[in-house]
Each structure stands twice: as C-alpha cells, then as structure tokens.
Amino acid sequence: MFLKVNILRFGLAVLLIVGWLPEATAINRRLHRYEISLGGGLCNFMGDICSPKNKSTQAWILPPNTTGFVINTGLKYNLGHRDECGFLKLSGHTIGGSIRFGQMRAEDPINNDAYWSRNIGFTTFFAELSLRYEWYFIPEKPNHIVFKQVGKPIMKKQTRMPAYLFGGIGGLINFGHLYRFKDKEEIFAQSFSNLAPVVQFGAGVKYRVVQGVSFTLEGGWNWALSDGLDNCKGGQEPTADIPWKFGNYIDQYQYVILGVTLKLRETERHLPDFKSIGQ
Numbered sequence: 069m070f071l072k073v074n075i076l077r078f079g080l081a082v083l084l085i086v087g088w089l090p091e092a093t094a095i096n097r098r099l100h101r102y103e104i105s106l107g108g109g110l111c112n113f114m115g116d117i118c119s120p121k122n123k124s125t126q127a128w129i130l131p132p133n134t135t136g137f138v139i140n141t142g143l144k145y146n147l148g149h150r151d152e153c154g155f156l157k158l159s160g161h162t163i164g165g166s167i168r169f170g171q172m173r174a175e176d177p178i179n180n181d182a183y184w185s186r187n188i189g190f191t192t193f194f195a196e197l198s199l200r201y202e203w204y205f206i207p208e209k210p211n212h213i214v215f216k217q218v219g220k221p222i223m224k225k226q227t228r229m230p231a232y233l234f235g236g237i238g239g240l241i242n243f244g245h246l247y248r249f250k251d252k253e254e255i256f257a258q259s260f261s262n263l264a265p266v267v268q269f270g271a272g273v274k275y276r277v278v279q280g281v282s283f284t285l286e287g288g289w290n291w292a293l294s295d296g297l298d299n300c301k302g303g304q305e306p307t308a309d310i311p312w313k314f315g316n317y318i319d320q321y322q323y324v325i326l327g328v329t330l331k332l333r334e335t336e337r338h339l340p341d342f343k344s345i346g347q
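In structure tokens form, the structure reads like this:
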C-alpha cells in the first residue's frame, strides 16, 4: 500500500512538471529580447561660443550659459541565444537605435576673465538619429526556473543594477539662431541650419523596479564631425556683424538622461510585440 501511494505521488509530480514546464518555457523564451526606452535630461555644449581661454575640460561647462535639454527614445535588441530548453540566455551585448531631440545653447559670459568676452550667443534645436552597441560589464541575468525539488519550481531573480558601456554613430540636423548682444539686448541675429555625422560613447546603469521595468541613468559624449553646430566655423572671415575669426574645432555635446526602460516579448516572427509592454 505504501509503495502504491509513493508511486502515485511520483506520477502526479511528473505530470505537474510535464504540464507546467512547456508553459513556463513558452513564456520565458519570449522575454527579455527587446527593450524600449524613453527619457529626458540636460546637455552641455562645447564649441566656439562660451569657450575658455585655458581650454581645460572643466571650464567648458558653465551652467546655465552652456546648458540645454534633451529627450531620447530608443529600441534595443539583445544578442543572447537560447539554451536547449528554449530559455533566453543574455549575452551582455545589445544593439539598438535611438532618436534624440533637444536644444543646445551657449552664450559668452559677461565679466568673467576665464572666458572670451565677445558678446555672442546661439541657440539651436536639433534631431539626432543614431545606431549603437552596448556591452554590459555588469550583466543582467534573466529570471529562470530551477527545480530543486520535484514539483517545486524556484524562480531566480534578475541582477538588480546592471551597468553598461556603449558606442555608436549617427547623424544630426539642427536649426539655430546666432546673435550678438550688448547690455543683454540683441543687436544682430541670423538663422542657420547644419547637418553633421556624429560619433558617440558613454555609460549607463539600470535599476530594476519590477519584472520588465527599469529606471535608467545614462551619460554620453557626442562628437559632431562638424564645426557648424553654433555657426561659428573655423576659417570663416570676420564680418561687420561678427568681427572675430574662430579656430577649427569639432563641436561636441554631453548629456545626462534619466529614463525608463520597458521589456518587450518577441512575436513568433521574432519582431517586437508592443502589446506586451510592461508584462
């Protein structure tokens, strides 16, 4: 009698595992492949305007004279592979694209001996489209199921704070307004536009709030392969309105963004399933 009861219990446990495992596998194999992100923050411009005399990196940052804002949205794809059970094993490598909008600005400070006082400034709105690669030096480990005892699955947790480095390339277009001022009043203004390739690199960290949802803090440095973001180009001859000659310089901007990242399941065709946002 005792043997029959144990055999019956074992059979029921096997049935539970067989019936439950495919369902768990089907759910997990569609998780953690895609991510969408949305965030906003501040950016700092480095160019010919509000440029320091000593050229030190710290002196290039002078809020609010060089401070703008930025909004970012992106889509990422994890390059992990599946194990023999169909679970997604994250590799720590992702590729993705982003669209960034924002405003850059700079204005020469008044009565500051560390900077050139030419009484010029600019403001510009920009849009940037870029592709990037991310490497997680603190990798994100997905939830996965381990059977320590028959019929008693245990869910292992994700890494709470994964961190990554990234690099990428893209293109930027901006439409701006260059002006000269005296006693805080504009005495000359001109409109301009510019198109430039961009090289970017930076780092970020995530904090997982709940399954599939994380806060992200990211900092980046973008090099526009152009000297025209502020419309003060090297070799440009002085005019009556802008009576200075500027040096050749690659305009740059840095940014810090706080955002939220949502994981997406993939469809049977391995495309992002936007209906699964936050699940």
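In the numbering used here, the protein residues as written are 69 to 347.
The C-beta atom is built at its ideal place from N, Cα and C for all residues, glycine as well.
As the structure is a prediction and not an experimental result, all values here were calculated from the model.
Inset, instruction - Reducing DSSP to helix, strand and coil, say where Ala264 ends up. - result: In the structure shown, Ala264 sits in a strand (DSSP, three-state: E or B).
Legend entry - Met229, buried or exposed, once every other Cβ within 10 Å from all chains shown has been counted against 16: By the neighbour-count definition (other C-beta atoms within 10 Å, threshold 16), Met229 is an exposed residue.
Inset, instruction - Within the same chain, show all residues whose beta-carbon is closer than 7 Å to that of Asp176, passing over the 5 residues directly before and after it, in chain order. - result: Listed in chain order, the non-local C-beta contacts of Asp176 below 7 Å within the same chain comprise Ile117, Cys118, Tyr183, Trp184, Ser185, Arg186, Asn187, Ile188 and Gly189, local neighbours out to five positions each way being set aside.
Inset, instruction - To the nearest angstrom, report how far apart Met114 and Arg173 are at their CA atoms. - result: Roughly 9 Å between the two C-alpha positions.
Legend entry - Closest Cα partner of Ile163 within the set Glu286, Gly108, Ile241 and Trp203: The option with the nearest alpha carbon to Ile163 is Trp203.
Legend entry - Spatial neighbours of Thr335 in its chain, beta-carbon cut-off 7 Å, leaving aside the 5 residues before and after: Asp341, listed in sequence order.
Legend entry - Same chain only: Cβ atoms within 8 Å of Phe269, ignoring 5 sequence neighbours per side: If we look at Phe269 and ignore the five residues flanking it on each side, its Cβ neighbours are Leu233, Phe234, Gly235, Gly236, Gly288 and Trp289.
Legend entry - Best match in Asp181, Ser261, Phe243 and Tyr275 for proximity to Lys121 [C-alpha to C-alpha]: Looking at Asp181, Ser261, Phe243 and Tyr275, the one whose alpha-carbon comes closest to that of Lys121 is Asp181.
Inset, instruction - Rank Ile178, Asn112 and Arg168 by C-alpha distance to the C-alpha of Gly239 and give the top, closest one. - result: When only C-alpha atoms are compared, the closest one is Arg168.
Legend entry - Ranges of the beta strand (DSSP E) found wholly within the segment 102-153, counting only runs of at least 3: Unbroken beta strand (DSSP E) runs of no fewer than 3 residues, entirely contained in the segment 102-153, are found at 102-114 and 135-146, following chain order.
Legend entry - Best match in Phe193, Leu293, Thr329 and Gln322 for proximity to Tyr275 [C-alpha to C-alpha]: The shortest CA-to-CA distance from Tyr275 to any of Phe193, Leu293, Thr329 and Gln322 is the one to Thr329.
Inset, instruction - Give the DSSP-derived three-state secondary structure of Lys301 in the structure shown. - result: Judged by DSSP in its simplified three-state form, Lys301 adopts coil rather than helix or strand.
Inset, instruction - Ignore the nearest five residues each way along the sequence and tell me which others in Gln171's own chain have a CB closer than 6 Å to its CB. - result: Same-chain partners within the cutoff: Gly136, Phe137 and Phe193.
Inset, instruction - Can you give me the start and stop residues for the beta strand (DSSP E) that Met172 sits inside? - result: For Met172, the uninterrupted beta strand (DSSP E) segment begins and ends at His161 to Glu175.
Inset, instruction - Could you check what DSSP says for Lys274 in three-state terms: helix, strand or coil? - result: Residue state, collapsed to three classes: strand.
Legend entry - Trp291 to Tyr321 span [Cα, whole Å]: C-alpha separation (whole angstroms): 7 Å.
Legend entry - CA-to-CA distance, Phe249 to Gly280, given in whole angstroms: One C-alpha to the other measures close to 50 Å.
Inset, instruction - May I ask you to report which of helix, strand or coil DSSP gives Lys11? - result: With the chain covering 69 to 347 only, the question about residue 11 has no answer from this structure.
Legend entry - Delimiting residues of the beta strand (DSSP E) encompassing Glu334: Residues Gln320 to Glu334.
Inset, instruction - Please list, in chain order, all residues of the same chain as Cys111 whose beta carbon is under 7 Å from its beta carbon, the five residues on each side excluded. - result: Cβ neighbours of Cys111 beyond the five flanking positions: Gly136, Phe137, Val138, Gly170, Met172, Tyr321, Gln322 and Tyr323.
Legend entry - When Lys343, His338 and Ser344 are compared against Gly148, the one with the closest alpha-carbon: From the listed residues Lys343, His338 and Ser344, the smallest Cα separation to Gly148 is found for His338.
Inset, instruction - Output yes or no for whether 7 Å exceeds the beta carbon distance between Gly142 and Leu326. - result: Leu326 is positioned such that its CB atom lies no closer than 7 Å to that of Gly142.
Legend entry - Span separating the alpha-carbon of Ser294 from that of Asp319: If you draw a straight line from the Cα of Ser294 to the Cα of Asp319, it is about 6 Å long.
Inset, instruction - Can you give me the start and stop residues for the beta strand (DSSP E) that Phe283 sits inside? - result: For Phe283, the enclosing beta strand (DSSP E) begins and ends at Val281 to Ala292.
Inset, instruction - Tell me whether the beta-carbon of Gly244 lies closer than 7 Å to the beta-carbon of Phe260. - result: Yes, they are a contact pair.
Legend entry - 7 Å Cβ cutoff met for Gly165 and Leu130: Contact annotation: Gly165 and Leu130 have beta-carbon atoms that are not nearer than 7 Å.
Legend entry - Gly296: first and last residue of the uninterrupted beta strand (DSSP E) it sits in: From DSSP, Gly296 is part of no beta strand (DSSP E); its letter is neither H nor E.
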